[in-house]
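Novice: For reference, the structure I am asking about is given below.
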Ligand code: ACO
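Right, here's the structure in full:
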């Protein structure tokens, strides 16, 4: 079979190079041979924000952003959301295959028996102010788990890695619930091993004096479905952070904390909280066109709209809209839904959004459901971090076992001063930059 190639003529030297093209990419390092002199470093690519650079080969998640397709390990997200539980999907993402009945039973047992937190965790939590953002508490507490499990640093032992993976998946909801109860001043609730993953999370959030918490099955299923939708999304900002931090062989608690920190930003997972603030600011359906006009004039962005990869309707947003109906049948409709639907209707007919291919993303409707379920907006990104931990860990494992991966270390184009003459302090002019 003939290999696809790319022929490049370097006009600086008039030399022609033939580079192999594999899976639609050329290797950036193949450009290095193009030099203007023996001392020249060689040609590099310049790609701020990695708009067109593949940093790894992966078999975990497939996205076709133009056609709005998302698949985990080859299974369409719509099929998984309809037929699987979150822990079943977690198994698929981590191990590449759907579990059979025995495997799933064992896996659920393992995760369930890692939900308990070391009592010291309470002390970390108590150190936070009552109004600390739950995402900041989550990030810090996940990082602090590295102090409880020092053996996690042995990332080269697959059995040890798997143990930390189970601990992290099991303990994320417990930490998240603890941060929520802390902000309300309520006592922490211990996990209940009779309950499934989503029900147990609801138990740790909302159990009061009743002897046994009983979750509404429709709401528990809705939460589980939302967890499935958020479990992985290939090389997004937080996952790239997980891979970059993990590439230095940092332990998985610290790498996960770093990934969660990346998720917290309003341009990434923090957008779900911002959507609710935006809907509050808009206030009513009548104000939607005025708000869109302001966005088009350059005053802010429509939060929950647009995506680096999707240039079509985010398939997760479609499933979330359907899930919202199930939730609202129990909780009553969230009045924000009307504003959101009007916003979507007007935006999808507006030239500004149409030409830029800006569609609702996963964060646009998720917050409306979470709010109807009783969550405060500050908790929304925490609800994203719980399931995304599975994706981060699957990607972390894949990175560690990929013989091509090394410590992540991009290059730069240096544009600053060179070889400046040093002046002693008494001879320096007033610059005034620190005013
Ligand atoms: N509202 C208004 N205009 C927008 C929006 C938006 N939400 N998103 C992008 N645009 C405009 C940009 O201003 C730009 O316009 P221009 O070509 O006239 O300069 C054009 O669309 C392209 O946008 P970029 O910012 O170049 O796209 P990029 O891929 O860098 O950003 C991002 C993607 C960060 C998601 C962006 O769309 C955004 O900020 N959206 C709002 C925040 C959000 O919802 N984030 C969640 C993403 S999903 C997730 O991370 C889980």
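Numbering (my numbering), first residue to last: 12 to 446.
All residues carry an ideal CB built from backbone N, CA and C; glycine is no exception.
All of these numbers come straight from a predicted model, not from anything done at the bench.
#1: Can residue 261 and residue 235 be called in contact, C-beta distance under 8 Å?
#2: The beta strand (DSSP E) spanning residue 26 covers which residue range?
#3: Strictly by DSSP, which residues pair up with residue 73?
#4: Is the CB-CB distance between residue 371 and residue 405 below 8 Å?
#5: Could you work out which residue in 63, 48, 52, 361 is closest to residue 38 when comparing CA atoms only?
#6: Could you tell me if residue 131 is buried or exposed, where buried requires 16 or more neighbouring beta carbons within 10 angstroms of its beta carbon?
#7: Quick one: is residue 221 buried, meaning 16 or more other Cβ sit within 10 Å of its Cβ, or exposed?
#8: Evaluate the contact criterion for the region 142-162 versus the region 357-370: three or more CB pairs, one atom per stretch, below 8 Å.
#9: Going by the CB atoms, is the gap between residue 240 and residue 380 shorter than 8 Å?
#10: Evaluate residue 368 with the Cβ neighbour count: other Cβ atoms within 10 Å of its Cβ, from every protein chain shown; 16 or more gives buried, anything less gives exposed.
#11: So what does DSSP say about residue 18, is it helix, strand or coil?
#12: Starting from the C-beta of residue 312, find all residues in its chain whose C-beta is less than 8 Å away, skip the five residues before and the five after it, and write them out in chain order.
#13: Express the C-alpha separation of residue 214 and residue 95 in angstroms, rounding to a whole number.
#14: To the nearest angstrom, how far is the alpha carbon of residue 84 from that of residue 23?
#15: Going by the C-beta, is residue 61 closer than 7 Å to any heavy atom of the ligand ACO?
#16: State the Cα-Cα distance for the pair residue 146 and residue 140, rounded to the nearest angstrom.
#17: Candidates 233, 196, 21, 244: which alpha carbon is nearest residue 318's?
#18: Do the region 161-172 and the region 113-133 meet, that is, are 3 or more Cβ pairs less than 8 Å apart?
#19: Taking the alpha carbon of residue 195 as the point to measure from, which residue in 144, 228, 181, 178 has its own alpha carbon closest?
#20: Is residue 374 near the ligand ACO, with its Cβ less than 7 Å from a heavy atom?
#21: So, residue 397 versus residue 57, is the Cβ gap smaller than 8 Å?
#22: Less than 8 Å between C-beta atoms, sequence neighbours within five positions excluded: which residues of the same chain meet that for residue 323?
#23: Please confirm whether any heavy atom of the ligand ACO lies closer than 7 Å to the CB of residue 323.
#24: Among 432, 409, 74, which residue has its Cα nearest to the Cα of residue 255?
#25: Which whole-angstrom value is the C-beta distance of residue 233 and residue 334, which I expect to be below 8 Å?
Specialist: On the basis of the data shown:
#1: Numbered from its first residue, the chain shown carries residue 261 at position 250. Numbered from its first residue, the chain shown carries residue 235 at position 224. For residue 261 and residue 235, no; Cβs fall outside 8 Å.
#2: Walking along the chain shown from the start, residue 26 turns up at place 15. For residue 26, the enclosing beta strand (DSSP E) covers residues 26-31.
#3: Within the chain shown, numbered from 1, the residue matching residue 73 stands at position 62. 82, per the DSSP bridge assignment.
#4: The residue given as residue 371 occupies position 360 in the chain shown. The residue given as residue 405 occupies position 394 in the chain shown. No.
#5: Reading the chain shown from its first residue, position 27 is the one you call residue 38. Looking at 63, 48, 52, 361, the one whose alpha-carbon comes closest to that of residue 38 is 63.
#6: What you label residue 131 is simply residue 120 of the chain shown in a count that begins at 1. That one is exposed.
#7: Here residue 221 refers to the residue found at position 210 of the chain shown. With fewer than 16 neighbouring CB atoms inside 10 Å of its own CB, residue 221 falls in the exposed class.
#8: Touching, no.
#9: On the chain shown, position 369 is the one that residue 380 refers to. On the chain shown, position 229 is the one that residue 240 refers to. The Cβ-Cβ distance between residue 380 and residue 240 does not fall below 8 Å.
#10: Working through the chain shown from its first residue, we reach residue 368 at position 357. The residue in question, residue 368, is exposed, as its Cβ has fewer than 16 Cβ neighbours within 10 Å.
#11: Position 7 of the chain shown, counted from the first residue, corresponds to residue 18. Judged by DSSP in its simplified three-state form, residue 18 adopts strand.
#12: To locate residue 312, count along the chain shown from 1; it is residue 301. For residue 312, where only same-chain residues beyond five positions count, the Cβ hits under 8 Å are 306.
#13: For the purposes of this step, residue 95 is taken as the residue at position 84 of the chain shown. For the purposes of this step, residue 214 is taken as the residue at position 203 of the chain shown. Residue 95 and residue 214 have their C-alpha atoms some 21 Å from each other.
#14: The residue given as residue 84 occupies position 73 in the chain shown. The residue given as residue 23 occupies position 12 in the chain shown. For residue 84 and residue 23, the distance between alpha carbons rounds to 45 Å.
#15: Stepping through the chain shown from its first residue, residue 61 is reached at position 50. For the ligand ACO, not one heavy atom lies less than 7 Å from the Cβ of residue 61.
#16: As a first step, residue 146 must be located in the chain shown, where it is residue number 135. As a first step, residue 140 must be located in the chain shown, where it is residue number 129. Approximately 13 Å between the Cα atoms of the pair.
#17: For the purposes of this step, residue 318 is taken as residue 307 along the chain shown, with counting starting at 1. Ranking 233, 196, 21, 244 by Cα distance to residue 318 puts 244 first.
#18: Judged by Cβ distances under 8 Å, the region 161-172 makes no contact with the region 113-133, as fewer than three pairs qualify.
#19: Reading the chain shown from its first residue, position 184 is the one you call residue 195. Comparing C-alpha distances from residue 195 to each of 144, 228, 181, 178 shows the shortest one belongs to 144.
#20: Walking along the chain shown from the start, residue 374 turns up at place 363. Yes; taking the cut-off as 7 Å, the Cβ of residue 374 has a heavy atom of the ligand ACO nearer than that.
#21: In the chain shown, residue 397 corresponds to position 386, counting from 1. In the chain shown, residue 57 corresponds to position 46, counting from 1. A distance of 8 Å or more separates the beta carbons of residue 397 and residue 57.
#22: Residue numbering aside, residue 323 sits at position 312 when the chain shown is read from its first letter. Hits under 8 Å: 76, 77, 78, 79, 368, 370.
#23: As a first step, residue 323 is located in the chain shown; it is residue number 312 there, counting from the start. The beta carbon of residue 323 sits no closer than 7 Å to any heavy atom of the ligand ACO.
#24: By 1-based counting over the chain shown, the position of residue 255 is 244. With respect to the C-alpha of residue 255, the residue from 432, 409, 74 having the closest C-alpha is 409.
#25: Taking the chain shown and counting its residues from 1, one reaches residue 233 at position 222. Taking the chain shown and counting its residues from 1, one reaches residue 334 at position 323. Taking the Cβ atoms as the reference, residue 233 lies roughly 5 Å from residue 334, within the contact range of under 8 Å.
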